[in-house]
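What follows is one structure encoded as structure tokens, with my remarks underneath.
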Amino acid sequence: GDSVTQMEGPVTLSEEAFLTINCTYTATGYPSLFWYVQYPGEGLQLLLKATKADDKGSNKGFEATYRKETTSFHLEKGSVQVSDSAVYFCALSAGNNRKLIWGLGTSLAVNP
Amino acid sequence: DAGITQSPRHKVTETGTPVTLRCHQTENHRYMYWYRQDPGHGLRLIHYSYGVKDTDKGEVSDGYSVSRSKTEDFLLTLESATSSQTSVYFCAIRSPASGGEETQYFGPGTRLLVL
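Taken in order, these protein sequences are the chains called W and B.
Per our numbering, numbering through the first sequence is continuous, rising by one, with the last residue being 113.
Per our numbering, numbering through the second sequence is continuous, rising by one, with the last residue being 124.
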């Protein structure tokens with residue numbers, strides 16, 4: 002069945018460091034791919050998405066490119082801030098009912 | 010802001026008691042979802058609805074029931090709460106978005122503690 006695998010956390014970085022959070026997927030058909038972010042004590046917010054191969058989603062300095070050849074959707078940011086500290090979830094939407102399949106989340110802590 | 014509210018936001022209850030959580034949306038979306046979030050498990054789908062009185066099970070539906078008598082409200086009921094149902098519960102709606110792919114938007118969550 003469809004699945005999403007994220008790198009395990011926690012990830013700890015210093016402010017202004019480069020961030021990569023890996024996400025790979027297994028899916029039949031042509032899934033859409035998403036990154037959601039959850040700040041402490043809050044619900045999940047859509048961060049970015051991509052709906053077809055080679056699409057690049059971007060928002061708030063974060064980017065991810067839909068790579069069909071490597072079945073990946075890695076999240077990157079060139080210079081993280083303390084305010085980026087959160088849990089990041091990768092997800093895919095596939096099938097006729099477009100249910101979301103979730104990764105387990107990666108916790109990011111950014112130190113000043 | 011997708012116009013989703015959840016109530017209550019926090020609830021403490023005892024094992025064996027019934028509990029109902031409410032999700033309310035203001036934008037008339039057809040699809041609504043209930044998830045639970047637990048450490049080490051990420052988000053897991055409990056039930057979803059694709060219209061008034063139209064619901065289906067998710068991957069962890071045992072011990073839960075849902076109802077949707079109005080488009081704007083989706084209720085999740087724990088018929089007899091157990092400690093294993095201690096969790097954070099999120100409601101979501103599915104909304105048309107730019108780029109043609111419908112996207113799920115989440116409510117603020119309900120923290121439930123079953124003693």
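Note that CB positions come from ideal geometry on N, CA and C, so glycine has one too.
Next on the checklist: Considering Cα atoms alone, identify which of W:Q7, W:K53, W:E77, W:T71 is closest to S59 of chain W.
Outcome noted: If we check each option's Cα against that of S59 of chain W, W:E77 comes out closest.
Checklist entry - Taking just the CA atoms, how far does L52 of chain B sit from W43 of chain B? => result If you take the alpha carbons of W43 of chain B and L52 of chain B, they lie about 10 angstroms apart.
Checklist entry - Going by the CB atoms, is the gap between S4 of chain W and T29 of chain W shorter than 8 angstroms? => result Contact annotation: T29 of chain W and S4 of chain W have beta-carbon atoms that are not nearer than 8 angstroms.
Next on the checklist: Is R68 of chain W close to chain B? Criterion is C-beta to C-beta, closer than 8 angstroms.
Outcome noted: By this cut-off, R68 of chain W is not an interface position.
Item to check | Reduced DSSP secondary structure (H/G/I, E/B, other) of S74 of chain B | outcome: The three-state secondary structure of S74 of chain B, taken from DSSP, is strand.
Item to check | Three CB pairs or more closer than 8 angstroms across the segment 78 to 93 of chain W and the segment 12 to 21 of chain W | outcome: Touching, yes, given that three or more Cβ pairs across the two stretches are closer than 8 angstroms.
Checklist entry - Opposite Y114 of chain B in the DSSP bridges: which residues? => result Partner(s): B:I102.
Checklist entry - DSSP beta-bridge partners for A90 of chain B? => result Answer is none; A90 of chain B lacks a bridge partner.
Next on the checklist: Using beta carbons (cut-off 8 angstroms, strictly below), is Q34 of chain B in contact with chain W?
Outcome noted: Closer than 8 angstroms: no.
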